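Counting from 142, one number per residue, gives the positions in the sequence shown under our numbering.
Notes follow the structure.
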Amino acid sequence: IAHDVNPQSDSPPVEAKERAARGRYRGSAIGIAQNAFIRHLLSRIGDEQFNAEQWEAVLSDFDQRCAYCGAEGDLVMEHVIPINRTSLGEHRLGNLVPACRRCNATKADQDYRAFLGPETARISAIEAHMAKHDYLPIGENQRLRQIIELAHQDVRQLADRYAAIVDTMLEDQEDKA
Numbered sequence: 142i143a144h145d146v147n148p149q150s151d152s153p154p155v156e157a158k159e160r161a162a163r164g165r166y167r168g169s170a171i172g173i174a175q176n177a178f179i180r181h182l183l184s185r186i187g188d189e190q191f192n193a194e195q196w197e198a199v200l201s202d203f204d205q206r207c208a209y210c211g212a213e214g215d216l217v218m219e220h221v222i223p224i225n226r227t228s229l230g231e232h233r234l235g236n237l238v239p240a241c242r243r244c245n246a247t248k249a250d251q252d253y254r255a256f257l258g259p260e261t262a263r264i265s266a267i268e269a270h271m272a273k274h275d276y277l278p279i280g281e282n283q284r285l286r287q288i289i290e291l292a293h294q295d296v297r298q299l300a301d302r303y304a305a306i307v308d309t310m311l312e313d314q315e316d317k318a
């Protein structure tokens with residue numbers, strides 16, 4: 142079988158396309174890689190930096206309690222606007238609030254307003270926090286959305302291209318054996 146294994150090619154080889162089309166049972170590694178890359182990219186937008194002392198100030202602003210339910214205890218950094226290709230949240234202080242592990246896991250990728258429902262006081266507190274740190278969500282920026290989608294596709298193409306190269310290498314080894 143001939144394989145197009147040109148690493149400079151803009152499109153994945155035919156075999157890679159066929160492999161992607163037929164899928165693999167419970168194979169989600171490419172989705173994990175795509176999501177990790179998008180999270181990495183969104184985490185690096187802009188030049189804002191913050192330190193542990195500033196995070197401690199955020200915890201203090203929320204009285205060392207979960208921004209969603211008010212629970213005390215083991216709190217984690219929660220991205221109000223999720224860092225993913227749909228919501229386009231960023232890893233900036235204005236997008237981070239303390240959350241208990243239960244709320245963090247339950248909210249997941251939901252919009253914070255939908256998650257909180259009628260809890261208008263909590264929504265207002267989160268929005269005041271975002272405003273205090275000059276955080277403006279970028280989710281409506283269509284040009285950025287297109288760039289993120291292109292990056293998502295590029296990761297898949299890169300994985301397909303290298304999978305084809307490895308497949309060819311292994312087939313060549315089998316032919317020599």
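Glycine included, C-beta positions come from ideal geometry on N, C-alpha and C.
Given the structure is predicted, the values throughout are model-derived calculations rather than measurements.
- [ ] Using only alpha-carbon positions, find the residue among Ala-255, Thr-227 and Asn-192 that is nearest to Leu-237.
- [x] For this step, residue 237 is matched to residue 96 along the sequence shown. Selected option, being the one with the closest Cα: Asn-192.
Open item on the list: How far does the beta strand (DSSP E) with Ala-212 in it extend, from its first residue to its last?
Closed with: Looking up residue 212 in the sequence shown gives position 71. Ala-212 -> no beta strand (DSSP E), and no H or E assigned at all.
- [ ] Decide if His-270 is buried, meaning its Cβ has at least 16 other Cβ atoms within 10 Å, or exposed.
- [x] Within the sequence shown, residue 270 is the residue found at index 129, counting from 1. Result: buried.
Open item on the list: Tell me the residue span of the beta strand (DSSP E) that contains Leu-277.
Closed with: As a first step, residue 277 is located in the sequence shown; it is residue number 136 there, counting from the start. No beta strand (DSSP E) holds Leu-277; DSSP gives it neither H nor E.
Open item on the list: Using only the alpha-carbon positions, how far apart do Ile-306 and Leu-299 sit?
Closed with: Indexing the sequence shown from 1 puts residue 306 at position 165. Indexing the sequence shown from 1 puts residue 299 at position 158. Cα to Cα, Ile-306 sits roughly 11 Å from Leu-299.
Task: Local conformation of Gln-149 per DSSP, three classes - done: Here residue 149 refers to the residue found at position 8 of the sequence shown. Per-residue confidence for Gln-149 stands at a pLDDT of 43, beneath the threshold of 50, marking its modelled position as unreliable; the derived number appears in the next sentence. Three-state DSSP puts Gln-149 in coil, outside helix and strand.
- [ ] Let me know if Arg-263 comes out buried or exposed under the rule of 16 or more other beta-carbons within 10 Å of its beta-carbon.
- [x] As a working mapping, residue 263 is identified with position 122 in the sequence shown. Classification of Arg-263: buried, given that the 10 Å Cβ count is 16 or more.
Task: C-alpha distance - Lys-273 paired with Ala-208, whole-angstrom precision - done: Position 132 of the sequence shown holds residue 273. Position 67 of the sequence shown holds residue 208. Roughly 15 Å between the two C-alpha positions.
Task: Beta-bridge partners of Glu-219, as assigned by DSSP - done: Taking the sequence shown and counting its residues from 1, the one referred to as residue 219 is at position 78. Bridge partners of Glu-219: Val-238.
- [ ] Return helix, strand or coil for Phe-178, following the three-state DSSP convention.
- [x] What you label residue 178 is simply residue 37 of the sequence shown in a count that begins at 1. Looking at Phe-178 - three-state DSSP - the assignment turns out to be helix.
Task: Exposure of Asp-250, with buried meaning 16 or more beta-carbon neighbours within 10 Å - done: Residue mapping note: residue 250 aligns to position 109 of the sequence shown, counting from 1. Per the 10 Å Cβ criterion, exposed.
Task: Ala-177 versus Gln-294 - alpha carbon distance - done: Sequence index remark: in the sequence shown, residue 177 carries index 36 (1-based). Sequence index remark: in the sequence shown, residue 294 carries index 153 (1-based). Computed Cα separation, rounded: 13 Å.
Open item on the list: So the candidates are Arg-254, Leu-229, Ile-267 and Thr-247; which of them puts its Cα closest to the Cα of Gln-283?
Closed with: Here the question's residue 283 lines up with position 142 in the sequence shown. Ranking the options by Cα distance to Gln-283, first place goes to Leu-229.
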